[in-house]
Amino acid sequence: MFDDSKAGINHSPVWARLHQHQRATRFMQMRELFQADPQRFERFSLQLDGVLLDYSKNRITERTLELLIDLAQEAELPLWMERMRSGERINVSEKRAVLHTALRLPAGAALPLDGTDIVPEVHAVLQRMRLFTDKVRSGQWLGYAGQPIRDVVNLGIGGSDLGPLVVQEALSAYAHPDLRVHFVSNVDGQHIARTLERLDPATTLFVIASKSFTTPETLLNAAAAKAWFLRTGSPADIARHFVAVSTNTQAVAAFGIDTEHMFGFWDWVGGRYSVWSAIGLPVMLAVGYDHFRQFLDGGHAMDTHFFSAPLAQNMPVLLALIGIWYNTFYQAHTHAIMPYDHGLRRLPAHIQQLDMESNGKRVGRFGEPLDFDTGPVIWGEEGANSQHAFFQLLHQGTRLVPCDFIVPMNGHYGLEQQHRVLVANCFAQAEALMRGKSEAEVMAELPALSGEELDMLLPQKLFPGNQPSNTIALDKVTPYTLGMLMALYEHKVFVQGVIWGINSFDQWGVEYGKQLARRILPELDAAADAPAAHDSSTLGLIRHFRKTHG
Ligand code: F6P
55 MFDDSKAGIN
65 HSPVWARLHQ
75 HQRATRFMQM
85 RELFQADPQR
95 FERFSLQLDG
105 VLLDYSKNRI
115 TERTLELLID
125 LAQEAELPLW
135 MERMRSGERI
145 NVSEKRAVLH
155 TALRLPAGAA
165 LPLDGTDIVP
175 EVHAVLQRMR
185 LFTDKVRSGQ
195 WLGYAGQPIR
205 DVVNLGIGGS
215 DLGPLVVQEA
225 LSAYAHPDLR
235 VHFVSNVDGQ
245 HIARTLERLD
255 PATTLFVIAS
265 KSFTTPETLL
275 NAAAAKAWFL
285 RTGSPADIAR
295 HFVAVSTNTQ
305 AVAAFGIDTE
315 HMFGFWDWVG
325 GRYSVWSAIG
335 LPVMLAVGYD
345 HFRQFLDGGH
355 AMDTHFFSAP
365 LAQNMPVLLA
375 LIGIWYNTFY
385 QAHTHAIMPY
395 DHGLRRLPAH
405 IQQLDMESNG
415 KRVGRFGEPL
425 DFDTGPVIWG
435 EEGANSQHAF
445 FQLLHQGTRL
455 VPCDFIVPMN
465 GHYGLEQQHR
475 VLVANCFAQA
485 EALMRGKSEA
495 EVMAELPALS
505 GEELDMLLPQ
515 KLFPGNQPSN
525 TIALDKVTPY
535 TLGMLMALYE
545 HKVFVQGVIW
555 GINSFDQWGV
565 EYGKQLARRI
575 LPELDAAADA
585 PAAHDSSTLG
595 LIRHFRKTHG
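For the sequence shown, the working numbering assigns the number 604 to the last residue and increments by one with no breaks.
Right, dumping it as structure tokens:
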């Protein structure tokens, strides 16, 4: 069992040394670091297969990294990596192993869990998914009117939505030309209503994706889909039009889905890490088994790197440590993710769940209070659009906002000039954020100005710079590089959780709101002035609904 006798990491000497180092270097300008060291990019970048990580535009020196690596050692990171890899129950509050990496292992690998090798089970499900998706994609799987499936609707939320949604959109260049995949997640009826109004039940397949198969949003959408389907199809036709992805066989059967058409996974796969499991079924339907396998292989390549590379040359570890540098020692509250790729536009939302549901915790893994800040607010939007929205604040606002730029070197759609403009914008933003614009540079641009006009305009045209960023350049968004990218962020989040002493794999914070919603739901239908035990605001809102609804 784990040793819970250690004082929090913030009481360690290396934590204090990092604070000291931050104080000593906080006025350091990245622009000067680049001037002083023409090799800085070579020194602070890494390449693996089709992925380049440039972390040179950070307020770091070699000493910073040394100290951060000492911090990782202090937190026993290598030991925790091995614990995760080997299937120890590191999700202590739920007593579960954390083995999404096992989903990406190649056939022939072995990983025993409680005395049973889980790799054959993983591959057995993949093969069932393959048989099924091949049939749908080739037109052999027929709907009740004898026609092939044309639309797939994934009903799921959180990890049962965001992961597959991102991957399916990112890989649209690989998608089946005659099969459209839709994602419905919100319990707001307009989401499913507006999706279904364009579809034909005879050619539509629903994938009900829920690890627990108890999530009300998903079950309500599934019931609405079933009712819509039964307007034209018969109950006997449900088997051809509804499949489930879940760990809960009983609940799937109770919903009326033949468990022959259920694709299972395991409690050692967390929801936000589940796109690699049968939750990836809509992706496999869209892009086919071979591309899905390449996606898994990319994830596995990142796993192999993560579990074997020295900490100082380890992409996820470096990303995590640099994040901690700002979050903990500079007290940056947020971290922005900017994919310069339209297909990756929902990646920030996926990473938001991955990071904030994992590390948005105020107690350590043994329940001890943590008296330092943990996970940052993750946010972001696709570039170049975001340049015309919130970049002003990044360039001239008052806050430190570390950013990740993600950009492919090659596009898929043959619009070469547009791709060049996209890439140029991405590189330019990272450069501008780093170097800023000095007084002398502004003056050179405003030679004719003087006096009060100059006093007024000059400060407004200055850019302080020194705003840090990482750039992750993919050769191209392929299933393989996308797998690497997504696994990169998973491991980054894990490393940060280990260093802060968090269990990154539970999410108790999500439960309370669900509990209260269950209580409020019947109260909405009570008589207008019926009492309900709430604060006056919540009660006032409930009464307002009773008065104005319907
Ligand atoms: O929001 C909480 C959560 O439990 C997520 O972790 C999960 O991805 C999502 O709900 C959906 O859960 P399920 O797949 O069980 O429907």
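The beta-carbon is built from N, C-alpha and C at its ideal position, and this holds for glycine as well.
I'd like to check one pair, V238 with V299: are the Cβ atoms closer than 8 Å? no
Mind checking who S523 pairs with in its DSSP beta bridge? C457
Could you give the first and the last residue of the continuous alpha helix (DSSP H) run that contains W282? P270 to F283
DSSP-derived helix/strand/coil call for K50: Here the chain covers residues 55 to 604 and nothing more, so residue 50 does not appear.
Spell out a yes or no on whether the segment 499 to 507 and the segment 75 to 95 are touching, meaning 3 or more CB-CB pairs, one atom from each, closer than 8 Å. no
Go through its chain and collect everything with a Cβ distance to A494's Cβ below 6 Å, but skip five positions before and after it. none
Give me the residue from K515, L578, I553 and T388 with the minimum Cα distance to E130. For E130, the nearest C-alpha among the options comes from I553.
Between the alpha carbons of W69 and L180, how many angstroms are there, rounded? 44 Å
According to DSSP, residues forming a beta bridge with A608: Because residue 608 is not part of the residues shown, which for the chain are 55 to 604, the question remains open.
If you compare alpha carbons, which of A276, L487, F296 and D254 is closest to T286? D254
Backbone CA spacing between S362 and G334 [nearest angstrom]: 27 Å
For M497, the three-state DSSP class (helix, strand or coil): helix
Verify the contact flag: I432, CB atom, against every heavy atom of ligand 2, threshold strictly below 7 Å. The model on display carries ligand 1 but not ligand 2.
By Cβ distance, which residues of its chain are closer than 8 Å to G594, with the 5 residues on each side in sequence left out? none
Less than 8 Å between C-beta atoms, sequence neighbours within five positions excluded: which residues of the same chain meet that for F445? Q483
If the criterion is Cβ atoms closer than 8 Å, does the pair N524 and D108 meet it? yes
Could you give the residue range of the alpha helix (DSSP H) that holds T258? That residue, T258, is in no alpha helix (DSSP H); its beta strand (DSSP E) goes T258 to A263.
Closer than 7 Å: E116 CB and nearest ligand 1 heavy atom: Distances from the CB of E116 to the heavy atoms of ligand 1 are all 7 Å or more.
Could you tell me the alpha carbon to alpha carbon distance between Q367 and L339, rounded to whole angstroms? Q367 and L339: Cα-Cα distance of roughly 36 Å.
How about G437 and Y467: do their beta carbons lie closer than 8 Å? no
Look at T301 and W320 and say whether their C-beta atoms are less than 8 Å apart. yes
Start-to-end residues for the beta strand (DSSP E) that takes in R234: R234 to V238
How is the beta strand (DSSP E) around R298 delimited, first residue to last? It is Ala, not Arg, that sits at residue 298 in the sequence shown. It spans F296 to S300 - the beta strand (DSSP E) in which A298 sits, taken as one unbroken run.
Assigned secondary structure, L542 (DSSP; H/G/I helix, E/B strand, else coil): helix
Minimum C-alpha distance to A178 - residue among E470, G141 and P160: For the residues E470, G141 and P160, the minimum Cα distance to A178 belongs to P160.
Between the C-alpha atoms of R204 and E251, what's the straight-line distance to the nearest angstrom? 15 Å
Alpha helix (DSSP H) segment containing L107, residue limits: Taken as a continuous stretch (DSSP letters only), L107 belongs to no alpha helix (DSSP H), being part of the beta strand (DSSP E) at V105 to D108.
Using beta-carbon positions only, say whether G193 and L165 come within less than 8 Å of one another. no
To the nearest angstrom, report how far apart G397 and V341 are at their CA atoms. Between G397 and V341, the C-alpha separation is close to 14 Å.
Residue ranges of each beta strand (DSSP E) run of no fewer than 3 residues wholly in the segment 355 to 423, ordered along the chain? 388 to 393
Would you grab the beta carbon distance between I114 and I376 for me? Rounded to a whole angstrom, and I think it's under 8 Å. Right, their Cβ atoms sit about 7 Å apart.
Buried or exposed: H359, going by 16 or more other Cβ atoms within 10 Å of its Cβ? buried
Return yes when the C-beta of S266 is under 7 Å from any heavy atom of ligand 1, and no when it is not. yes
Inter-residue CB distance, V531 and P462 (contact presumed, cutoff 8 Å): 5 Å
As a quick exercise: from M488, L487, A486 and D509, pick the residue whose alpha carbon is nearest that of M497. D509
Are at least three pairs of beta-carbons, each pair with one atom in the segment 554 to 561 and one in the segment 404 to 423, less than 8 Å apart? Under the Cβ criterion (8 Å, minimum of three pairs), the segment 554 to 561 counts as touching the segment 404 to 423.
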